[in-house]
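The sequence shown begins at 37 in my numbering and counts up one residue at a time.
Here a beta-carbon is modelled for each residue, glycine too, at the ideal position from N, C-alpha and C.
These numbers were taken from a predicted model, which means no experiment stands behind them.
Here's the structure we're looking at; comments come further down.
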Amino acid sequence: MSKKNIRLFKPSLDNEEINAVKKVFSKSWLGLGEEVNKFEKEFCKFINSKYAIGVNSGTAALDLAVKSFDFNKNKNILVNNLSFVSSASCIVNNGLEPILIDCEEDNLGFDINDAKKKINKNTVAIVIVHYGGVPANLKKIIPFAKKNNLKIIEDCAHCLGVKYLNKKLGTFGDVGCFSFEEKKGITTGDGGMVVTNNHKLFSNIKRNRWLGIDKETWIRKNDYTNLKSNNNKHWFYKIDSLGYKYNMNDLAAAIGRVQLKKIKKFINKKQIIANKYYKFLSQCKHVKLSFEYSNQFGAYWLMCIRVKERDKFIKFLKRKMIPTGVHYIPISNLDYYKKYKSSTPKTDRIWKELVSLPYHSELKIKDVEYICKMIIAFYK
Ligand SMILES: *Cc1c(COP(=O)(O)O)cnc(C)c1O
37 MSKKNIRLFK PSLDNEEINA VKKVFSKSWL GLGEEVNKFE KEFCKFINSK YAIGVNSGTA
97 ALDLAVKSFD FNKNKNILVN NLSFVSSASC IVNNGLEPIL IDCEEDNLGF DINDAKKKIN
157 KNTVAIVIVH YGGVPANLKK IIPFAKKNNL KIIEDCAHCL GVKYLNKKLG TFGDVGCFSF
217 EEKKGITTGD GGMVVTNNHK LFSNIKRNRW LGIDKETWIR KNDYTNLKSN NNKHWFYKID
277 SLGYKYNMND LAAAIGRVQL KKIKKFINKK QIIANKYYKF LSQCKHVKLS FEYSNQFGAY
337 WLMCIRVKER DKFIKFLKRK MIPTGVHYIP ISNLDYYKKY KSSTPKTDRI WKELVSLPYH
397 SELKIKDVEY ICKMIIAFYK
């Protein structure tokens, strides 16, 4: 059989990104600088938020977001159990307890009814994951959060550019966190962005992404050499909080700026592929689609299906040169996080059926046809 080289995920990059990187090289300023600043401004405009802060991963974005509220110890935060570990590690890393919430049967997102059962007097926030790029049930989650005085942190690693009720996801809560890891909606290799409309949170996050330092070198670089400047204390800075080295750099930002310009194109391509999958798979009675796949919000991040005998299914596709994934092992099943186990019967049952199929903007329609044909072959 010919080698197919179908990828599960694949970033879409070309000469435009290379040229942007070359420009940064020629300036010889690779660290936190003007490119990051420009990317942040463009990102604000795209998402329609007041502030954006560029960081070096989605995980860093979440860590900084939780930190920015300065919650007291002994508090807890509600979070989807069916998610990537970063959704919960940001809570633990800030000295708080994650309360793991079950998923909804029909879209695998945050189950508000389970949250209502598990909230207690020490609950201070929710980390909402818009799982797979499907908006969480915000019509119920937002009033619930308001009533109980909970902060909302949106984990938008799957949903860059997704619109809901005429607003981009990431602007519904107090803070939104995005990932530009190589498999995500756009990529900078690794990278992330925090968005907020709250100036206090913004300045806290901005300072703490660079060790708590109150100014940034690129802004004052002229002070070093400008003879007209009488400021001989240009080297002076203050630190009054415990920060991280989490800043984005100009190389990553230069790639990100090009990628952001292409996002509409990526979304359109992924919608065409999703439609093709949907047409096939919605007719296969052995396969259950994890979401509705109606393309009404933007692009899904996952082509996620549910099958019985999942492991046999994965093995079969592997032999046909089709890569697959499982998103995710529930957080409560990860050894370190077992101490946070709480009852999530739907997640425990459903995750054993989950399979992610190849899905990215570079995937060819003929490969989608091949994948669907092989799925049908498995059931023959
Ligand atoms: C990818 C991902 C993250 C982390 O992003 P990184 O950029 O890889 O650190 C966080 N949450 C979810 C749901 C993710 O899928």
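- Contiguous alpha helix (DSSP H) elements confined to the region 84 to 139 occur at 94 to 103, 122 to 128, taking only those with 4 or more residues.
- Around the beta carbon of Asn285, a 10 Å sphere encloses 16 or more other beta carbons of the protein chains shown; the residue is thus reported as buried.
- With a threshold of 7 Å, the Cβ atom of Ser392 does not count as near ligand 1, since no heavy atom of the ligand is closer than that.
- When Phe82, Gln295, Val128 are compared, the shortest CA-CA separation from Val231 is found for Phe82.
- Under DSSP, Lys324 forms a beta bridge with Arg342.
- Restricting attention to beta strand (DSSP E) runs no shorter than 3 residues, the region 186 to 236 encloses them at 187 to 191, 211 to 215, 228 to 232, ordered along the chain.
- In the structure shown, Lys348 adopts helical secondary structure according to DSSP, grouped into three states.
- Taking each of Lys305, Glu71, Gly209 in turn and checking the Cα distance to Asn185, the smallest one comes out for Gly209.
- Shown here, Ser392 sits in a strand according to DSSP, grouped into three states.
- Straight-line spacing of the CA atoms in Lys220 and Ile162 works out to 22 Å.
- Buried is the label assigned to Arg293, since at least 16 other Cβ atoms lie within 10 Å of its Cβ.
- Taking a cut-off of 8 Å for Cβ pairs, the region 256 to 264 and the region 336 to 347 do not touch, as fewer than three such pairs fall below it.
- Around the C-beta of Ala413, fewer than 16 other C-beta atoms lie within 10 Å, and the residue is accordingly described as exposed.
- Taking non-hydrogen atoms of ligand 1 into account, the C-beta of Ser326 is found less than 7 Å away from none of them.
- Around the Cβ of Gln319, a 10 Å sphere holds fewer than 16 other Cβ atoms; the residue is exposed.
- Collapsing the DSSP output to three states places Ile275 in a strand.
- Around Phe45, the same chain offers Lys219, His396 as residues with beta carbons nearer than 6 Å, after the five sequence neighbours per side are excluded.
- Excluding residues up to 5 positions away in sequence, Ile291, Val294 lie with their Cβ nearer than 6 Å to the Cβ of Glu53 in the same chain.
- By DSSP's assignment, Val165 forms a beta bridge with Asp191.
- Judged by the Cβ position, Lys344 fails to qualify as a neighbour of ligand 1 at the 7 Å threshold, every heavy atom of the ligand being at least this far.
- Residue environment analysis places Lys281 among the exposed positions, since fewer than 16 neighbouring C-beta atoms fall within 10 angstroms of its C-beta.
- Around the C-beta of Tyr415, fewer than 16 other C-beta atoms lie within 10 Å, and the residue is accordingly described as exposed.
- The bridge partners DSSP lists for Trp246 are Lys281.
- Between Leu174 and Tyr364, the C-beta spacing is not below 8 Å.
- Taking C-beta atoms as the reference points, Leu100 and Ile188 fail to come closer than 8 Å.
- Distances between the C-beta of Ala288 and the heavy atoms of ligand 1 are all 7 Å or more.
- Looking at the DSSP output, Thr380 shares a beta bridge with no other residue.
- Cβ neighbours of Cys126 within its own chain (closer than 6 Å, five residues either side excluded): Leu98, Asp99, Val102.
- Ala193 has its Cβ nearer than 7 Å to a heavy atom of ligand 1.
- Relative to ligand 1, the beta carbon of Gly292 is positioned no closer than 7 Å to any heavy atom.
- In the DSSP annotation of this structure, the continuous segment of the alpha helix (DSSP H) that includes Tyr406 starts and ends at 401 to 414.
- For Glu190, the Cβ stays outside the 7 Å cut-off from all heavy atoms of ligand 1.
- In the DSSP assignment, the residues bridged to Thr159 are Asn112.
- Apart from sequence neighbours up to five positions away, the residues of its chain that approach Lys305 with a beta-carbon distance below 6 Å are Ser397, ordered along the chain.
- If you look at Val170, you'll find it isn't in any alpha helix (DSSP H); DSSP assigns it neither H nor E.
- By the Cβ test, the region 127 to 139 is in contact with the region 366 to 379, since at least three Cβ pairs between them sit closer than 8 Å.
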